[in-house]
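K.L.:
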Amino acid sequence: MTPDWRARPFGRTSVAALAGVLGVVGVLILGLIACSRADLQVIAGAAGMDGGGGASASSGGGNKGSGGSGGRAGAGGRGGAGGKGGAAGASAGTCPSSALAAGDRTVTVQVGATSRSYVLHVPAAYTGSSPVPLILDFHALMGTGARERTSSVYLAVTDPEGVITAFPNGLAGPAGTAWNIGHCCVANVDDVGFAVALVSQVATMACIDLDRVYAIGVSMGGGMAYALACRAADVFAAVAPSAFDLDEEDLPDCRLARPITVISFRGTADPLVPYNAAGTSTVVTGMPLTFLGARGTFQKWADLDVCQGSPSAEDANGCSTYATCSGGVEVVLCTKQGGGIEQGNPAVAWPVLSRHHL
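Using my numbering, the letters of the sequence shown correspond one by one to residues 466 to 823.
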């Protein structure tokens, strides 16, 4: 494989609830000190949605990462030990007093003992006066957030709507920068915790609608989007992975917090993640993955989301859909005949993603 998404394939959050530890009085005291909400989440684990945790996260040992996301936190305030608008700070709909300037910037966030980074892209159409969606776009094996920012096909569609996009940076594994999707591809790293911490931090910096946070990614980045659907569906409203499939090794850990919309893009001639299941991939030494194949993955998501009936026939974009699923979600597979490592079609994906909220 050559570097970034054109090369090798592949693309939990264990957070402590501050309100559950200190009680309401302790939360109010912390709210008075001169720390941002992101700081509180890092230091003590600010209370998240439905009593879950905030941004501070720690890996669970081994390559498996950590457990479920523990809920949301941050501006826009679904947080709190007893309901909405709790310890994480702002009540729903609250925006920072000053709007972030348009452009790209590199931002760091502390996840346990590890400092992680991402490129934050703010489009010119963002005004900061009303909540907007947030997208996390994950790079492929050997990639970087900056390169994913440059190659992203989504910005042309989402920028005019003022959507903010973050491009996280993976950490070094045996085969280069990678994501811990469970059994592969970088050990002892809590990347789901990183993603949730990133969301919480951006929500303190920009006016984010925490009901509309989405994950996308190409190749191994698509694997990371799947991992978030499996382990952080209480934070992410929907995902759009490309050029990747579910794998047998990580299926036991795919325990959905709720049904979640998944729209996947695959090429029938993908040389790295075969469209049809074709045995075990050993691209990352010592971390084999057995892919389900594109249609096997499609069917598995239909099972996980308790979809009824049969999928639709493929439309003009090659997309087949399970439309009658639990919670009103959708499961979609878009196939490009003869296609290779597909980046996805944002003109198709974004309308699907954006109509689904938490």
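For each residue, glycine too, the CB sits at the ideal point set by N, CA and C.
Here the structure is a predicted model, which means the values were calculated and not measured.
1) Below 7 Å between beta carbons: does that hold for VAL704 and VAL727?
2) For SER707, does the three-state DSSP call read helix, strand or coil?
3) Got a sec, what are the start and stop residues for the alpha helix (DSSP H) SER616 sits in?
4) Quick check on this structure: which residue in CYS672, PRO776, VAL661 and SER665 has the alpha carbon closest to the alpha carbon of MET689?
5) Can you name the start and end residues of the alpha helix (DSSP H) that ALA812 belongs to?
6) Where does THR762 fall in DSSP's three states?
7) From ILE725 to ALA564, what distance separates their C-alpha atoms?
8) Check for me: the alpha helix (DSSP H) holding GLY686 runs from which residue to which?
9) On the premise that ALA698 lies in contact with ALA680, defined as a C-beta separation below 8 Å, what is that separation, rounded to the nearest angstrom?
10) Strictly under 7 Å for the Cβ-Cβ distance: is THR571 near chain D by that measure?
11) What is the C-beta distance between PRO633 and LEU601, in whole angstroms, given that I count them as a contact (C-beta under 8 Å)?
12) Classify ASP712 as helix, strand or coil using the three-state DSSP reduction.
13) Quick one: give me the first and last residue of the alpha helix (DSSP H) that GLY658 is part of.
14) Have a look at ALA708, VAL664 and SER791 and flag the residue whose alpha-carbon is nearest the alpha-carbon of VAL572.
15) With DSSP collapsed to three states, give me the class of ALA540.
16) Can you tell me where the beta strand (DSSP E) holding LEU721 begins and where it ends?
17) Cα-Cα, which of PRO739, SER785, HIS821 and ALA812 is closest to GLY803?
18) Closest to GLY608 by CA distance: which of LEU636, ALA621 and CYS799 is it?
19) Contact defined as beta carbons within less than 8 Å: I believe ASP768 pairs with SER791. What is the distance between those atoms, to the nearest angstrom?
20) Among PRO596, VAL576, ALA578 and PHE603, which has the Cα closest to the Cα of LEU585?
21) So GLY627 packs on VAL597, CB below 8 Å; how close in whole Å?
22) Assuming MET685 and CYS650 are in contact, meaning their beta carbons sit under 8 Å apart, how far apart are those beta carbons, in whole angstroms?
23) In chain order, what residues of the same chain lie with their CB nearer than 6 Å to the CB of THR800, ignoring the 5 residues before and after it?
24) Taking the beta carbon of THR747 as the centre, do at least 16 other beta carbons fall within 10 Å, making it buried, or is it exposed?
25) Roughly how many whole angstroms lie between the Cα atoms of ASN528 and MET752?
26) Which residues does DSSP list as the beta-bridge partners of ASP699?
P.N.:
Inspection of the coordinates gives the following:
1) yes
2) strand
3) 610 to 616
4) VAL661
5) Run containing ALA812: 811 to 819, per the alpha helix (DSSP H) assignment.
6) helix
7) 31 Å
8) 685 to 696
9) With 8 Å as the limit, ALA680 and ALA698 do not qualify as a contact, their Cβ atoms being about 10 Å apart.
10) The chain inventory of the structure shown lacks chain D, comprising one protein chain alone.
11) 6 Å
12) strand
13) 656 to 670
14) VAL664
15) Low per-residue confidence applies at ALA540: pLDDT is 41, beneath 50, and the placement is therefore not dependable, though the value from the model is reported in the following sentence. Coil.
16) Unbroken run through LEU721: none, as it is neither H nor E.
17) PRO739
18) LEU636
19) So it is not a contact: roughly 11 Å between Cβ atoms.
20) PHE603
21) 5 Å
22) 6 Å
23) ARG731 and GLY783
24) exposed
25) Any reading at ASN528 must be qualified, since the residue scores a pLDDT of 46, below 50, and its modelled position is unreliable; the value itself is stated next. Spanning the two alpha carbons is a distance of roughly 9 Å.
26) DSSP lists no partner for ASP699.
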